[in-house]
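S.K.:
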Amino acid sequence: MPAMNIIQALNSAMDVLLDADPDVVIFGEDAGYFGGVFKATDGLQAKYGLDRVFDAPINEAAIAAIAAMAVGMAARGLKPIAEIQFADYIFPAIDQIVSEMSRIRYRSAGQFTSGCVVRSPWGGGIRGGQTHSMSPEAFFTHVPGLQVVVPSNPYDAKGLLIASIESGDPVIFFEPKRIYNGPFDGVPDKPLSSWARHPKGEVPEERYTVELGKAEIVRPGEACTVIAYGTLVHVAEAAAEHAGIDAEIIDLKTLVPYDIETIAASVNKTGRVVVAQEAPRTSGFAAELAAQIQEECFYALEAPVFRLTGWDTPYPHAHEWAYFPTRDRFIRALKTVTEA
Amino acid sequence: MSDAQSRFHVPTPPFRPGDAPDFSYLNLPKAGTAKRPDALASWRETSDLAVGLVGVLDHNHQAVGDWDPRLSPEILREGLSHMVLTRIYDERMLKLQRQGKMSFYMKSTGEEAVSVAGAMAMRPTDMAFPSYRQQGLLFARGRDIVDMMCHCISNSRDNLKGRQLPVHYAWAEGHVFTISGNLGTQFPQAVGYAMACAYKGEDRIAASWIGDGTTAEGDFHGALTLASTYRAPVILNVVNNQWAISSHQNIALGDAPTFAAKGLGYGVASLRVDGNDFLAIYAATQWAAERARKGGGATLIELFTYRADAHSTSDDPSKYRPKGEFDSWPLGDPIERLKQHLIGKGEWDEARHEKLEETMTALVVKSYKEAESHGTLHDGPLAPTESIFEDVYARPDWRLRRQRQDLGI
Ligand SMILES: Cc1ncc(C[n+]2csc(CCOP(=O)(O)OP(=O)(O)O)c2C)c(N)n1
Ligand SMILES: [Mg+2]
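In order, the protein sequence lines correspond to chains A and B. For the first sequence, the numbering used here begins at 12 and goes up steadily by one. For the second sequence, the numbering used here begins at 53 and goes up steadily by one.
Right, here's the structure in full:
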């Protein structure tokens, strides 16, 4: 199996989808000829033509452009994959996504559907400043009708993307750009390691899916449960390793619908939990997880659920590492729950 | 036409890597041919101007026609000096970015006249809502270069406390609004600011700049709608530098004749201007400023120019457009054109120009030394870490106070 990084795995997923189904179309700002600013669609226009993979005007919002165009196209039976250049730039599209895309099936009692994928590079750790670093997943997990996916490695990225387009419902697909080219252990300024040395860096060329709504235990353990997604899965692993704490680490992969069975089984076993997100703390997705755990596992809990999050500030540029939940902050969180 | 049939259409740019660019298809009207209506004329009288081109400097670098603003040699030399400084500053900052002194940089090479002439033709107290590519505006308004550099290298003297990416300046004292990374948001903001000036009975106006690609955003259309409805004293500039990262301007333009023409549909006076002609930009801005100040409302100005370098330090333009396209650009280089104009008038010469470049280079080098003495992004000192919790609100609430403790500071 070839080693791929996340960008290559996404590219391979789109290649497979374009090849198999003439109804799949891909578009976004700079996503056509140039292949996207992160190169996820590189070479696809040359291979499949201008009408399958094309550039969109800079308008995340309107019917004529990305998110909304996805709704209009899906209504006509296409399977669009739209790229929003950075998750931070998804907000002009919020009306189309929240009021329209998410509800087409519901409000038409199933006569119309809006199956599509909105891909977007997400998260910080690349010195992107406040407009290239955000993790806005919680805005979308709050919207009935949307599925929200965040892969943490190349294998899952490909399988989840294919599963997303095949699900028939809209998916907001956030890609942790910090780990596009290699896993990150949450120690700033350390040289990047490569996906080639990671088991999930091996990606089949052909079509396969990774089931939506299923989490994965990436490190079994007894001392506590850690629930993370995206970049922080790797930071959690590094923290457990470094501190010698026998944490059970769950890679959530799908935020909506999230895999409560896997979570509850683990928490009922360990009784101690850290839920992690890079986004600001208040009303973040970690709060949803903490509340659900409290309802499902209250009598198994031995310590308060710990939320490890970004701060309630915009994402700073120069002080990025004071904001990011680094390995050291993760270790403190693990110690807090295991020593409580 | 019985076999006529709708086909899915996606525009392509005229030239891609490997092509030899030939811009003769643009058919640009000659300098001096555009008529200059009264500044309070109906927007309808700008219909020809929106699809034509306001130009003053002709191919011999002479000022011709109705739009010649008849500027004194002092003003022209001042404009030249700001433009030369802008170009040298950009070059230097790019080099420093390559050396790792800052995280990111965006040049305005080839477009210096847009921001310098635009700023000089307004009053220093008029409010500016620029994009990330109008650094010339700051020089024209007298912003301290060391302060600009300190922002770009995010050090302890950065007036934005390291919170923003480089080139996203903000300077309240100089009436320059905080620059956003989110495209287009400043356009309706400028309209609102202008409406507030009118509401307060001031004779200040506002101006904003966005790129060709950004006109596709809803905010462009919202700004024009509201500017027309409320007859806001605002100048709405579209800097058409032909490219939006890798997308040619035709991706945003569609089948419209020009970006300026889009303003007419909103009932807004609209001009297309040679964006590499200092005199034409100055004259058009002066016209629009007078119109705004006297109650005539908004003007949309398309500045027809060319982005001579990469979009930012994150892209390689040779991947999506022919190398050397700028050399074939029919409207030339704005600095060279103003320089030749001054020389033609006997108000400048090569030796003085060389001296100017030397002076500006020395200024930039010396300023950077001073800026660096206040720290750099990688080696510090930066703004104090706890400052990340400031300015979220006027007063931090319990959450931020507790989070600051959690961070251990
Ligand atoms: C809302 C939003 N969408 C996308 C982007 C990403 N982006 C940054 S600059 C740019 C191109 C802008 O082109 P143009 O408006 O022509 O301005 P220019 O860079 O040429 O000055 C894009 C797509 C963004 N910053 N904000
Ligand atoms: Mg542009």
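Built from N, CA and C at the ideal position, the CB exists for glycine as well.
Three-state secondary structure (DSSP) at L319/A?
M.R.: strand
S.K.: Under 8 Å: do the stretch 160–176 of chain A and the stretch 230–241 of chain A share three or more Cβ pairs, one atom per stretch?
M.R.: yes
S.K.: Does DSSP put E143/B in a helix, a strand or coil?
M.R.: helix
S.K.: Which runs of the beta strand (DSSP E) spanning at least 3 residues fall entirely within the stretch 218–291 of chain B, listed in chain order?
M.R.: 258–263
S.K.: Taking 9 Å as the CB-CB limit, is K213/B close to chain A?
M.R.: With 9 Å as the cut-off, K213/B counts as an interface residue toward chain A.
S.K.: Consult DSSP for W450/B and reduce its assignment to one of helix, strand or coil.
M.R.: Three-state result, W450/B: helix.
S.K.: Can you look up G162/B in the DSSP assignment and give me helix, strand or coil?
M.R.: coil
S.K.: Of the choices D199/B, P374/B, Y318/B, whose alpha-carbon is the least far from that of K418/B?
M.R.: It is D199/B.
S.K.: Strictly under 9 Å for the Cβ-Cβ distance: is G197/A near chain B by that measure?
M.R.: no
S.K.: Below 6 Å CB to CB, which residues in the same chain sit around H235/A once its five sequence neighbours on both sides are set aside?
M.R.: First, the amino acid is wrong: residue 235/A is Cys here, not His. A258, T281, R283, V348, T349.
S.K.: Would you list, in chain order, the members of the stretch 437–455 of chain B that have their beta-carbon closer than 7 Å to a beta-carbon of chain A?
M.R.: T437, I440, F441, V444, R451, L452, Q455
S.K.: Would you decide whether A75/A is buried or exposed? Buried here means 16 or more other CB atoms lie within 10 Å of its CB.
M.R.: Confidence is the limiting factor: at A75/A the pLDDT is only 36, short of 50, which leaves the residue's position unreliable and the question unanswerable from this model.
S.K.: By how many angstroms is the C-alpha of R389/B removed from the C-alpha of G327/B?
M.R.: 12 Å
S.K.: Straight-line CA distance for N70/A to Q301/B?
M.R.: 14 Å
S.K.: Taking 8 Å as the line, does the beta carbon of V244/A fall inside it for any heavy atom of ligand 2?
M.R.: no
S.K.: Distance, Cα to Cα, L452/B vs K213/B?
M.R.: 17 Å
S.K.: Looking at C-beta atoms only, is the number of pairs between the stretch 88–108 of chain A and the stretch 292–302 of chain A that lie closer than 8 Å three or more?
M.R.: no
S.K.: Can you list the residues of chain A that V243/B reaches, using a CB-CB cut of under 7 Å?
M.R.: Near V243/B there are no residues of chain A at all, since even the closest Cβ is about 17 Å away, more than 7 Å.
S.K.: Go ahead and label G126/A buried or exposed: buried means 16 or more other beta carbons lie within 10 angstroms of its beta carbon, across all protein chains shown.
M.R.: buried
S.K.: Classify V416/B as helix, strand or coil using the three-state DSSP reduction.
M.R.: helix
S.K.: Return the chain-ordered list of same chain residues with a C-beta closer than 6 Å to the C-beta of S210/B, the five sequence neighbours on each side being excluded.
M.R.: Checking the displayed sequence, the identity of residue 210/B turns out to be Asp instead of Ser. Once the five neighbours on either side are set aside, the close Cβ partners of D210/B are C202, H203.
S.K.: Taking the alpha carbon of S476/B as the reference point, which residue from E269/B, R324/B, Y184/B, G384/B has its own alpha carbon closest?
M.R.: The shown model of chain B, from 53 to 461, leaves out residue 476/B, and the question about it has no answer.
S.K.: Here's a check: name, in chain order, each residue in its chain whose Cβ is nearer than 6 Å to the Cβ of G170/A, leaving out the five neighbours to either side.
M.R.: Taking G170/A as the centre and dropping the five residues before and after it, the same chain places the C-beta of Y219, T220, V221 closer than 6 Å to its C-beta, in chain order.
S.K.: When burial is assigned at 16 or more other CB atoms within 10 Å of the CB, is N79/B buried or exposed?
M.R.: exposed
S.K.: What are the residues in the stretch 138–151 of chain A lying within 8 Å of chain B by C-beta distance?
M.R.: So the close ones are R138, G139, G140, Q141, T142, H143.
S.K.: With hydrogens ignored, establish whether the beta-carbon of D264/B is closer than 8 Å to any heavy atom of ligand 2.
M.R.: yes
S.K.: State the CB to CB distance for the pair I395/B and A341/B, rounded to an integer number of angstroms; the pair is presumed to be in contact (CB under 8 Å).
M.R.: A Cβ-Cβ separation of about 29 Å leaves I395/B out of contact with A341/B under the 8 Å criterion.
S.K.: Whose Cβ in chain B lies nearer than 8 Å to the Cβ of T293/A?
M.R.: R451
S.K.: When you compare the CB of R68/B with every CB in chain A, is at least one pair closer than 9 Å?
M.R.: yes
S.K.: At the 9 Å Cβ level, is P181/A part of the contact set with chain B, yes or no?
M.R.: no
S.K.: Name, please, each residue of chain B whose Cβ falls closer than 7 Å to the Cβ of H330/A.
M.R.: G214, L434, T437, I440
S.K.: For Q151/B, which three-state DSSP category applies?
M.R.: coil
S.K.: Would you mind stating whether P369/B and W261/B have Cβ atoms separated by less than 9 Å?
M.R.: Result no, Cβ atoms of P369/B and W261/B do not sit closer than 9 Å.
S.K.: Do you know offhand how far P327/A's Cα is from N112/B's?
M.R.: 50 Å
S.K.: Please identify the residue among L305/B, A173/B, A224/B, I127/B whose C-alpha is closest to the C-alpha of Y334/B.
M.R.: Nearest option by C-alpha distance: A173/B.
S.K.: Among all the DSSP beta bridges, which residues are the ones paired with T324/A?
M.R.: According to DSSP, which records beta bridges pairwise, T324/A is partnered with nothing at all.
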